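**Q** Please see the structure below; I have some questions.
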Amino acid sequence: MRSILIAVIDNPGPQTDTELYQQLLSLADWQVAKDCQVQVEHLPCVFKQSLTALEQLITNCKPAYLLLINQCRSKVDIQVEKVALNINDASEPDNNQQQPRDSLTAQHGPAAYFSNLPLSAIVDALQNHALPARLSYSAGTFVANHLFYGLMHYIKHQNTSLHGGLIQVPLTPAQACKFPGAASLSTSLVLEAIKLAISISLAHSDSMLRSTG
Numbered sequence: 001m002r003s004i005l006i007a008v009i010d011n012p013g014p015q016t017d018t019e020l021y022q023q024l025l026s027l028a029d030w031q032v033a034k035d036c037q038v039q040v041e042h043l044p045c046v047f048k049q050s051l052t053a054l055e056q057l058i059t060n061c062k063p064a065y066l067l068l069i070n071q072c073r074s075k076v077d078i079q080v081e082k083v084a085l086n087i088n089d090a091s092e093p094d095n096n097q098q099q100p101r102d103s104l105t106a107q108h109g110p111a112a113y114f115s116n117l118p119l120s121a122i123v124d125a126l127q128n129h130a131l132p133a134r135l136s137y138s139a140g141t142f143v144a145n146h147l148f149y150g151l152m153h154y155i156k157h158q159n160t161s162l163h164g165g166l167i168q169v170p171l172t173p174a175q176a177c178k179f180p181g182a183a184s185l186s187t188s189l190v191l192e193a194i195k196l197a198i199s200i201s202l203a204h205s206d207s208m209l210r211s212t213g
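Residue numbers (our numbering): 1 to 213.
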C-alpha cells in the first residue's frame with residue numbers, strides 16, 4: 001500500500017486559520033488508486049520546529065509521495081514550485097516569533113534543490129482543467145521554502161525513493177475579504193488541483209516503472 005501524505009502548512013498569525021486544512025481532510029476518504037492511501041496532516045509555521053515535525057510525519061506515515069501545501073496572501077494563482085532555496089530570510093516573524101535573516105536551512109547543503117515531481121505535467125493538467133496555475137521558480141524565503149528545502153534535503157540524503165514538492169495557493173474568499181486587494185481561490189478548486197497533482201504524479205511514476213520493466 002502506497003501512502004500519499006498531504007502536509008498543510010499553518011498560516012502565519014496568532015490565530016491560525018485552519019479552514020483549508022479542515023476542507024482537505026476529506027482527501028483521506030478519496031480512493032485515488034487501489035494500492036494508495038491519502039493522509040492529511042498539518043505542519044507548524046515555525047522555522048526549525050516545522051522540519052522536526054515533518055521528519056516525524058515521514059517516519060510515522062512512510063509516504064511514497066509528500067506534497068506540501070501553503071497558502072500565501074501574495075499569491076494570485078496556484079504556484080507549483082520547482083526550486084527550494086537554502087536561505088531563510090523572513091520579512092515577518094513565524095508563529096514562534098522567530099525571524100531569521102539571511103541564514104541557511106542546511107549549513108552544508110547546496111544552494112538549491114529541485115522538486116522530483118513531474119511539475120510540467122502537473123501544471124499542464126491544471127491548466128487543461130481551467131485552473132489558474134503556473135510553474136514557479138521562487139518559493140520565497142519564509143517557512144514554506146524552509147520546509148520545501150528541508151524535504152528535498154531529506155530525500156537526497158535519507159530516502160531517494162520519496163517524491164516531494166510544494167504547491168502554494170491563494171487565500172480562500174473568507175480569508176481574502178480581510179485583506180483588501182488580495183486574490184482568492186475556493187477550497188473546492190484547491191482540492192481539485194491537489195487531486196490532479198496526485199493523479200498525475202502517480203501516473204507518471206507508473207509510466208516510468210512500465211518503461212523500465
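Backbone N, C-alpha and C define an ideal beta-carbon position, used for all residues, glycine too. Because the structure is a prediction, the values reported are computed rather than measured.
Could you compute how far the alpha carbon of Asp17 sits from the alpha carbon of Leu202?
**A** Approximately 30 Å, taken between the alpha carbons.
**Q** From Gly13, Lys62, Gln49 and Glu55, pick the residue whose C-alpha is nearest to that of Gln37; which is it?
**A** Closest option to Gln37, Cα to Cα, is Lys62.
**Q** Quick one: is Leu51 near chain D, going by C-beta distance under 8 Å?
**A** The structure shown contains no chain D; it is built from a single protein chain.
**Q** Name the two residues that bound the continuous beta strand (DSSP E) containing Ala7.
**A** Its beta strand (DSSP E) spans residues Arg2 to Ile9.
**Q** With contact counted as at least three CB pairs below 8 Å, one residue from each stretch, are the stretch 86-106 and the stretch 120-134 in contact?
**A** Contact between the stretch 86-106 and the stretch 120-134 is absent, because fewer than three Cβ pairs lie under 8 Å.
**Q** If you reduce the DSSP assignment to three classes, tell me which class Val143 lands in.
**A** Residue state, collapsed to three classes: helix.
**Q** Could you tell me the alpha carbon to alpha carbon distance between Ser103 and Ala90, rounded to whole angstroms?
**A** Going by the C-alpha atoms only, they are around 10 Å apart.
**Q** Determine the burial state of Tyr137: buried for a count of at least 16 other Cβ atoms within 10 Å of its Cβ, exposed for fewer.
**A** Exposed is the call here.
**Q** Just tell me which of Tyr65, Leu54 and Ala121 has its CA closest to the CA of His163.
**A** Comparing Cα-Cα distances from His163 to each of Tyr65, Leu54 and Ala121, the minimum goes to Tyr65.
**Q** Counting Cβ pairs, one atom from each stretch, are 3 or more of them under 8 Å apart for the stretch 144-158 and the stretch 112-127?
**A** Touching, yes.
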